[in-house]
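Mind the numbering: the sequence shown is residues 17 to 198 in my numbering, read in order. Scroll down for the structure; my scribbles are underneath it.
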Amino acid sequence: MSKGEEEIDALKKSVFEQAMQIQRQQEYQNESEQYNRRTNLEIHGLPFEQDEDLKDELSKLAVALKLPNFSPSDVLAIHRLPSKHDTVHVILVRFTSLSVKESWSAARGKLRHSHQSGALPKLLFKDNLTKFNRYLFWHARTAAKDKGYLFACGKTGKIYVNKNEDALLFRISKLSDIDKIK
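Laid out in C-alpha coordinates, this is it:
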(Lines of atoms letter the chains of each structure in order from A; the text may use other names.)
(Lines give C-alpha, C1' and ligand atoms only; values in the text may rest on other atoms or scores of the structure.)
Protein backbone atom coordinates (compact mmCIF):
# COMPACT_ATOMS: atom_id res chain seq x y z
CA MET A 17 0.00 0.00 0.00
CA SER A 18 1.44 3.36 -0.99
CA LYS A 19 1.80 6.31 1.34
CA GLY A 20 -1.00 8.14 -0.52
CA GLU A 21 -3.38 5.20 -0.08
CA GLU A 22 -2.53 5.00 3.63
CA GLU A 23 -3.30 8.70 4.04
CA ILE A 24 -6.61 8.28 2.21
CA ASP A 25 -7.55 5.34 4.46
CA ALA A 26 -6.59 7.33 7.55
CA LEU A 27 -8.68 10.28 6.37
CA LYS A 28 -11.68 8.02 5.62
CA LYS A 29 -11.41 6.53 9.11
CA SER A 30 -11.17 9.99 10.66
CA VAL A 31 -14.20 11.26 8.72
CA PHE A 32 -16.21 8.18 9.74
CA GLU A 33 -15.29 8.62 13.42
CA GLN A 34 -16.21 12.31 13.28
CA ALA A 35 -19.53 11.50 11.63
CA MET A 36 -20.30 8.98 14.38
CA GLN A 37 -19.35 11.52 17.04
CA ILE A 38 -21.63 14.14 15.45
CA GLN A 39 -24.49 11.62 15.31
CA ARG A 40 -24.05 10.74 19.01
CA GLN A 41 -23.98 14.43 19.91
CA GLN A 42 -27.16 15.10 17.93
CA GLU A 43 -28.91 12.15 19.63
CA TYR A 44 -27.81 13.41 23.04
CA GLN A 45 -29.00 16.94 22.25
CA ASN A 46 -32.39 15.64 21.07
CA GLU A 47 -32.79 13.47 24.18
CA SER A 48 -31.89 16.40 26.44
CA GLU A 49 -34.30 18.72 24.67
CA GLN A 50 -37.08 16.12 24.84
CA TYR A 51 -36.38 15.54 28.54
CA ASN A 52 -36.78 19.28 29.16
CA ARG A 53 -40.21 19.08 27.48
CA ARG A 54 -41.45 16.14 29.57
CA THR A 55 -43.85 18.31 31.62
CA ASN A 56 -45.23 20.08 28.53
CA LEU A 57 -48.58 19.28 26.94
CA GLU A 58 -49.99 20.59 23.66
CA ILE A 59 -53.74 21.21 23.53
CA HIS A 60 -55.09 21.31 19.99
CA GLY A 61 -58.52 22.61 19.02
CA LEU A 62 -59.48 24.98 21.85
CA PRO A 63 -61.08 27.98 20.11
CA PHE A 64 -59.49 31.40 20.54
CA GLU A 65 -61.43 34.01 22.49
CA GLN A 66 -60.60 37.72 22.59
CA ASP A 67 -58.87 38.68 25.87
CA GLU A 68 -58.81 35.05 26.95
CA ASP A 69 -57.33 33.94 30.25
CA LEU A 70 -55.74 30.61 29.38
CA LYS A 71 -55.31 29.53 33.01
CA ASP A 72 -59.03 30.09 33.52
CA GLU A 73 -59.80 28.15 30.32
CA LEU A 74 -57.58 25.33 31.56
CA SER A 75 -59.42 25.30 34.91
CA LYS A 76 -62.76 25.01 33.08
CA LEU A 77 -61.34 22.19 30.99
CA ALA A 78 -60.16 20.41 34.16
CA VAL A 79 -63.69 20.58 35.57
CA ALA A 80 -65.17 19.24 32.31
CA LEU A 81 -62.67 16.36 32.30
CA LYS A 82 -63.24 15.69 36.02
CA LEU A 83 -59.61 16.15 36.99
CA PRO A 84 -60.12 16.27 40.77
CA ASN A 85 -56.96 17.85 42.15
CA PHE A 86 -56.16 20.44 39.49
CA SER A 87 -55.11 23.89 40.64
CA PRO A 88 -53.97 26.83 38.49
CA SER A 89 -50.76 26.75 40.55
CA ASP A 90 -50.00 23.42 38.81
CA VAL A 91 -49.19 25.46 35.69
CA LEU A 92 -45.76 27.05 35.28
CA ALA A 93 -46.52 28.60 31.89
CA ILE A 94 -49.30 28.58 29.33
CA HIS A 95 -49.53 30.31 25.97
CA ARG A 96 -50.63 29.86 22.39
CA LEU A 97 -48.04 28.90 19.80
CA PRO A 98 -47.83 30.77 16.50
CA SER A 99 -49.23 28.87 13.53
CA LYS A 100 -48.26 28.81 9.87
CA HIS A 101 -51.87 28.34 8.88
CA ASP A 102 -55.05 30.24 9.71
CA THR A 103 -56.10 27.53 12.14
CA VAL A 104 -56.72 27.58 15.85
CA HIS A 105 -53.37 28.11 17.55
CA VAL A 106 -52.10 25.28 19.72
CA ILE A 107 -51.92 25.91 23.46
CA LEU A 108 -48.68 24.87 25.12
CA VAL A 109 -48.91 24.14 28.84
CA ARG A 110 -45.90 23.56 31.08
CA PHE A 111 -46.96 21.85 34.30
CA THR A 112 -45.09 21.91 37.61
CA SER A 113 -44.55 18.15 37.62
CA LEU A 114 -44.68 15.09 35.43
CA SER A 115 -47.44 13.58 37.56
CA VAL A 116 -49.75 16.54 36.85
CA LYS A 117 -49.00 16.31 33.13
CA GLU A 118 -49.64 12.54 33.20
CA SER A 119 -53.03 13.05 34.86
CA TRP A 120 -53.97 15.33 31.97
CA SER A 121 -52.61 12.84 29.44
CA ALA A 122 -54.66 10.08 31.09
CA ALA A 123 -57.78 12.20 30.55
CA ARG A 124 -57.33 11.94 26.76
CA GLY A 125 -59.87 9.13 26.67
CA LYS A 126 -62.57 11.44 28.06
CA LEU A 127 -62.10 13.96 25.25
CA ARG A 128 -64.02 12.00 22.60
CA HIS A 129 -67.01 11.42 24.90
CA SER A 130 -67.04 15.08 26.00
CA HIS A 131 -66.95 16.19 22.37
CA GLN A 132 -69.74 13.82 21.32
CA SER A 133 -71.93 14.98 24.20
CA GLY A 134 -71.35 18.60 23.15
CA ALA A 135 -69.63 19.56 26.40
CA LEU A 136 -66.32 20.39 24.69
CA PRO A 137 -65.05 21.20 21.21
CA LYS A 138 -62.99 18.52 19.47
CA LEU A 139 -59.70 18.60 21.36
CA LEU A 140 -56.45 16.68 21.16
CA PHE A 141 -53.77 16.37 23.84
CA LYS A 142 -50.28 15.68 22.55
CA ASP A 143 -46.79 15.43 23.99
CA ASN A 144 -44.65 18.42 23.06
CA LEU A 145 -42.14 16.65 20.80
CA THR A 146 -38.87 18.06 19.51
CA LYS A 147 -38.69 18.81 15.81
CA PHE A 148 -36.69 15.62 15.21
CA ASN A 149 -39.05 13.44 17.28
CA ARG A 150 -42.07 14.89 15.47
CA TYR A 151 -40.37 13.96 12.16
CA LEU A 152 -39.46 10.52 13.52
CA PHE A 153 -43.01 9.91 14.75
CA TRP A 154 -44.47 10.82 11.35
CA HIS A 155 -42.15 8.35 9.60
CA ALA A 156 -42.74 5.63 12.21
CA ARG A 157 -46.52 6.04 11.93
CA THR A 158 -46.38 5.91 8.13
CA ALA A 159 -44.13 2.82 8.09
CA ALA A 160 -46.25 1.08 10.74
CA LYS A 161 -49.42 1.73 8.76
CA ASP A 162 -47.82 0.47 5.54
CA LYS A 163 -46.66 -2.73 7.29
CA GLY A 164 -50.04 -3.43 8.91
CA TYR A 165 -49.10 -2.52 12.48
CA LEU A 166 -51.91 -1.91 14.94
CA PHE A 167 -50.64 1.48 16.06
CA ALA A 168 -47.82 3.93 16.52
CA CYS A 169 -47.90 6.04 19.65
CA GLY A 170 -45.85 8.33 21.81
CA LYS A 171 -45.56 8.50 25.57
CA THR A 172 -43.41 10.99 27.46
CA GLY A 173 -41.57 11.86 24.27
CA LYS A 174 -40.75 8.27 23.33
CA ILE A 175 -42.13 6.69 20.15
CA TYR A 176 -43.45 3.12 19.95
CA VAL A 177 -45.09 0.87 17.37
CA ASN A 178 -47.03 -2.32 17.99
CA LYS A 179 -47.92 -5.10 15.55
CA ASN A 180 -50.84 -6.42 17.63
CA GLU A 181 -52.22 -6.28 21.15
CA ASP A 182 -50.22 -9.34 22.28
CA ALA A 183 -46.87 -8.13 20.93
CA LEU A 184 -44.35 -6.11 22.89
CA LEU A 185 -43.99 -2.43 22.11
CA PHE A 186 -41.08 -1.67 19.79
CA ARG A 187 -39.33 1.62 20.56
CA ILE A 188 -38.28 3.90 17.72
CA SER A 189 -35.46 6.21 18.77
CA LYS A 190 -33.66 6.90 15.49
CA LEU A 191 -34.40 6.77 11.78
CA SER A 192 -32.60 3.44 11.33
CA ASP A 193 -35.12 1.84 13.74
CA ILE A 194 -37.87 2.48 11.19
CA ASP A 195 -36.17 0.02 8.82
CA LYS A 196 -36.71 -2.66 11.49
CA ILE A 197 -40.51 -2.36 11.20
CA LYS A 198 -41.42 -5.49 9.24
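The beta carbon of each residue, even a glycine, is placed where N, CA and C say it ideally should be.
Identity of the residue in the options nearest residue i by Cα
i, options, result
"Asn180", "Ser192, Glu58 and Gly164", "Gly164"
"Lys171", "Ser99, His155 and Lys117", "Lys117"
"Tyr151", "Asp25, Phe141 and Ile175", "Ile175"
"Leu62", "Phe153, Arg40 and Ala135", "Ala135"
"Ala159", "Pro137, Ala123 and Lys198", "Lys198"
"Ser75", "Ser192, Phe111 and Pro98", "Phe111"
"Leu83", "Ser18, Met17, Leu92 and Ser121", "Ser121"
"Arg124", "Leu140, His101, Ile24 and Ser133", "Leu140"
"Asn56", "Gln37, Lys100, Ser133 and Ile94", "Ile94"
Cβ neighbour criterion (16 or more within 10 Å) applied to residue i
i, result
"Asp143", "buried"
"Ala78", "buried"
"Asn46", "buried"
"Arg128", "exposed"
"Asp90", "buried"
"Ala183", "exposed"
"Ile59", "buried"
"Ile188", "buried"
"Phe86", "buried"
"Asn52", "exposed"
"Gln50", "buried"
"Ala168", "buried"
"Leu27", "exposed"
"Leu114", "exposed"
"Val177", "buried"
Reduced DSSP secondary structure (H/G/I, E/B, other) of residue i
i, result
"Gly125", "helix"
"Lys161", "helix"
"Lys4", "The question about residue 4 has no answer, for the chain in this structure spans 17 to 198."
"Phe167", "strand"
"Arg54", "coil"
"Asn178", "strand"
"Lys71", "helix"
"Phe86", "coil"
"Val104", "coil"
"Lys19", "helix"
"Asp143", "strand"
"Ala93", "strand"
"Ile197", "coil"
Neighbourhood of residue i by C-beta distance below 8 angstroms, restricted to the same chain and skipping five residues each side
i, result
"Arg96", "Phe64, Leu70, His105, Val106, Ile107 and Leu108"
"Pro137", "Gly61, Leu62, Pro63 and His131"
"Leu191", "Leu152 and His155"
Proximal residues to residue i (C-beta, below 7 angstroms), its chain only, five neighbours per side dropped
i, result
"Phe148", "Asn46"
"Gly173", "Gln50, Arg53, Arg54, Asp143, Leu145 and Asn149"
"Ser119", "Leu83"
6 angstroms Cβ shell around residue i - same chain, five flanking residues per side excluded
i, result
"Leu92", "Arg110 and Thr112"
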